[in-house]
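Just remember that this note's numbering sits 155 ahead of the position in the first sequence, which is counted from 1. Built from N, CA and C at the ideal position, the CB exists for glycine as well. Written out below as structure tokens is the structure these notes cover.
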Amino acid sequence: MITNQPSPRPLHESLVTDLNTAFPDAFPPINFKEDLNEEQFAAISAPIGPVLVLAGAGSGKTRTLTYRVAWLLTQGICPWEILLLTFTNKAANEMLLRVENLTGIPHYKFWGGTFHHIGQKILRIHGESIGINKNFNILDASDADSLLSEVIRNFDAQFFRNTDNPKSRVIGEIISYARNTCSSIEQVVKEKYPYFAHLLQNILLFNKNYQDLKKKRGVLDYDDLLEHWLSLLENNSSIKEHLQHQFKYILVDEYQDTNTLQSKIIDRMTPYHKIMAVGDDAQCIYTWRGANFENIMTFADRHPGTLIFKIETNYRSTPEILDLANQVLEHQPANAGYRKELKPTRRPKQKPYFASASDTKHQAQFILKRIKGLLSEGYNYSDIAILYRAHFHAMDLQMELTRLAIPYQITSGIRFFEQAHIKDLVAQLKFAANPADSTSFFRFACLLPKMGPKTAEKLLQLGVESSKKNQTSLLKALEHESIIKKVPATAKDDWLDMIYTLQDVTENIHKLPPKDITSIAIEGWYGTFLRSLYPNWQSRQDDLQSLIGFATRFDNMQEFLAQLVLLNSETSDRAADLNEDNLRLTTIHQAKGLEFPVVFIIGLAESLFPSKRSLEEDNLEEERRLFYVAVTRAKDELYLTHPRLSFQGGPPALLSPSRFIQELSKDAYQTLSLPNSYY
DNA sequence: AGTCGAGTTCTTTTT
DNA sequence: GAACTCGACT
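So this is what it looks like as structure tokens:
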């Protein structure tokens with residue numbers, strides 16, 4: 156929370172608006188001028204036209220967006236005529252929450268969410284005009300990967316046997332990158348994967364078959380949610396005009412992270428340039444997913460009359476931390492972006508610390524020791540965050556934390572909705588909602604004994620044929636004697652249980668709310684079957700129960716299922732975790748937009764951060780920006796740690812300190828020398 | 001032919 | 001830990 160200003164004061168000038176007239180139940184007076192600094196105020200009170208806000212880290216970016224929304228309301232725009240687009244779910248939630256807190260208008264009155272979420276919503280409403288069934292299921296990354304893998308195996312069962320061939324994930328990345336950057340697969344292979352040039356024809360074919368199979372099964376992957384949204388805007392002029400008039404103003408957060416596909420969508424949505432984009436090119440950290448910060452550099456060209464505002468006053472961090480952050484950017488190549496410098500407002504405190512540990516375990520011990528000290532200084536666990544480049548960099552730390560029973564919340568790693576048992580259950584719901592989605596069917600059917608992909612496919616195939624011939628539903632056909640005969644003997648009982656549960660779910664899927672449907676599924680076959688599958692079935696069953704809790708938020712099955720896939724960043728926080736006093740462990744990507752009094756950045760060694768792959772692929776600038784994002788999360792204290800030895804993967808490797816440390820001037824930080832052992 | 005279990009290797013980042 | 005390989009078992 157940015158707390159640079161006092162809480163709202165009484166009326167002041169004409170812009171202080173008591174919206175009680177417009178929203179009688181909902182709106183406390185907002186004193187725009189008092190609540191914002193000059194830079195921010197200028198931006199939020201700009202005319203209703205194209206606005207680009209270049210916002211440095213910690214400068215009150217979200218605050219500016221939030222107040223812009225409130226200001227638009229004072230100009231007579233209604234909440235449902237405002238579209239708020241963000242990049243991650245976390246940012247979307249934060250944004251909507253703050254809008255609600257400021258304006259008193261419930262967040263669901265606005266159109267707000269991630270690009271994918273809004274795309275999904277628009278396609279549910281208008282998709283049929285471009286041949287998309289309203290019932291479409293959404294594939295998450297691993298679903299999409301298995302589908303592609305299936306396609307490739309169908310083409311050539313031996314393809315993956317040849318270890319020179321890329322894994323399905325890599326092929327999926329190529330396809331996805333092409334789609335997100337609106338370029339051809341030929342081009343992507345040529346420029347980014349020249350060593351697969353000989354496979355180009357194969358990849359093109361895999362892509363075609365993959366797109367066809369998705370269509371056949373009535374499923375969309377993440378990229379489809381954007382691509383079809385764009386094609387709606389490009390191919391159906393009546394819907395295009397409808398959408399263009401529906402939204403009187405569009406606000407885009409983290410604009411620097413938009414890719415070509417997204418920026419095209421935005422441009423098509425705003426022919427009258429009623430748009431505010433907020434971003435910071437120095438924080439662009441998604442180029443690997445096609446983000447193109449050229450979008451922010453050329454925004455004004457594409458939206459004539461753009462007013463550009465810079466907000467650079469930083470309320471978050473101490474001058475020492477900002478000095479270090481500014482130094483990071485100084486090492487960017489000269490033409491890297493808009494010049495900027497974060498201007499401190501806080502009093503000087505201590506310099507950031509740098510500590511070199513003998514290995515990752517030693518690093519973990521140092522951090523724990525230091526945290527103990529911080530607690531005695533009056534900090535809480537929840538004031539402290541530990542940031543890292545990749546999940547596995549925190550493994551030793553996790554072990555130590557567990558050993559010492561220190562409460563921590565990890566916002567990465569295995570996510571709640573990605574756990575096997577959750578996905579198993581959700582697959583049943585998805586199949587019931589859309590029986591063409593055989594991918595979902597295979598997922599849970601293959602759990603039965605002696606039932607692998609081949610057997611499951613054959614049985615489903617038989618079921619589809621018989622249901623066509625006898626004019627019955629697929630699920631009726633699957634319980635028929637002729638099919639049961641083909642089910643492996645040991646799986647027969649479970650097969651029937653499973654089919655009966657699916658029938659039960661299907662019958663009620665349009666009659667009962669999602670929470671009841673979910674509960675039917677849990678009480679049916681899977682709830683019991685689970686016990687034979689996992690030794691810790693008890694805790695997994697608890698997870699399923701909390702899925703019911705999640706379902707109560709929805710009154711429509713499609714929205715519920717869509718959110719399960721799109722919200723996969725909703726981590727395994729058993730709701731309670733949020734309020735408790737926990738240490739935070741998170742990747743830097745997921746920490747974007749957050750701030751903490753104390754931040755540790757760990758694993759600052761060559762080949763960890765910058766990562767090995769970025770060094771190989773020459774993506775150093777993105778790593779540097781990522782480091783900048785990490786540093787600017789800290790408010791009071793910043794610790795940078797370096798493990799000299801890594802035992803991860805094979806023989807121990809000697810690691811030198813990250814170049815991002817080495818290129819700083821020595822007076823930017825103070826070096827701590829650590830005792831050899833903490834025992 | 002297809003499934004299953006044991007053993008091995010390698011970990012980016014998110015919708 | 002998960003994703004993959006390989007060989008044995010039905």
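It is roughly 43 Å from the alpha-carbon of ALA296 to the alpha-carbon of GLN505.
The Cβ-Cβ distance between ILE565 and LEU781 does not fall below 9 Å. If you draw a straight line from the Cα of LEU716 to the Cα of LEU303, it is about 21 Å long.
Beta-bridge pairing by DSSP links SER762 to SER766. By alpha-carbon distance to GLN230, the top candidate from LEU359, THR217 and GLY204 is GLY204. ILE476 and LEU559 have their alpha carbons spaced roughly 30 Å apart. Three or more Cβ pairs closer than 8 Å define a contact, and the region 267–285 falls short of that threshold against the region 462–471. By the criterion of at least three beta-carbon pairs nearer than 8 Å, the region 272–283 is not in contact with the region 696–705. Put simply, the region 631–644 does not touch the region 569–578. Fewer than three CB pairs are less than 8 Å apart. Considering only VAL206, ARG695, LEU479 and LYS516, the residue with the shortest C-alpha distance to LEU580 is ARG695. For GLY267, the enclosing beta strand (DSSP E) covers residues 266–269. Spanning the alpha carbons of PHE291 and GLU714 requires a straight line of approximately 11 Å.
By the Cβ criterion, the region 400–409 is in contact with the region 237–256, since at least three pairs of Cβ atoms, one from each stretch, lie closer than 8 Å. Around the beta-carbon of SER511, 16 or more other beta-carbon atoms lie within 10 Å, marking it buried. Within the same chain, ALA646, ASP649 and TRP650 come within 7 Å of LEU603 by CB-CB distance, once the 5 residues on both sides are set aside. Judged by DSSP in its simplified three-state form, GLY434 adopts strand. Residue range 216–229 is occupied by the alpha helix (DSSP H) that includes THR221, with no beta strand (DSSP E) assigned at that position. For GLN825, DSSP records a beta bridge to TYR508.
The shortest C-alpha to C-alpha distance from ILE539 to any of LEU793, ASN309, LEU657 and VAL208 is the one to LEU793. LEU759 sits away from THR787, with the two beta carbons spaced by 9 Å or more. When DSSP reads this structure, HIS797 sits in a beta bridge with SER511.
Burial state of TRP443 is exposed, judged by a 10 Å Cβ sphere holding fewer than 16 other Cβ atoms. Counting only runs of 4+ residues, the alpha helix (DSSP H) found wholly inside the region 600–629 occupies 608–625, in chain order. Sequence-distant partners of SER386 (beyond 5 residues in either direction) whose C-beta falls short of 7 Å from its own C-beta, in its chain, are ILE285. Residue pairing by DSSP places ASN414 opposite ALA446 in a beta bridge.
Fewer than three beta-carbon pairs drawn from the region 609–619 and the region 310–318 are found closer than 8 Å, and the two stretches are therefore not classed as touching. ARG334 is a Cβ neighbour of LEU416, given a cutoff of 9 Å. Between the alpha carbons of GLY215 and PHE310 lies a distance of about 53 Å. Around the beta-carbon of THR515, 16 or more other beta-carbon atoms lie within 10 Å, marking it buried. Note on geometry: alpha-carbon atoms of ILE526 and TYR508 lie some 14 Å from one another. Residues of the same chain with a CB within less than 6 Å of the CB of ILE756, apart from the 5 flanking positions on each side, are LEU542, ALA785 and LEU795 in chain order.
Per the coordinates, the alpha-carbon of ARG544 lies some 12 Å from the alpha-carbon of GLU777. Listed in chain order, the alpha helix (DSSP H) runs fully inside the region 674–723 are 682–688, 692–706 and 712–721, counting runs of at least 4 residues. In this structure, LEU228 lies near ILE260, with their beta-carbon atoms less than 9 Å apart. PHE454 and GLU249 have their C-alpha atoms spaced approximately 25 Å apart. Note that the C-beta distance between LEU238 and MET424 is below 9 Å.
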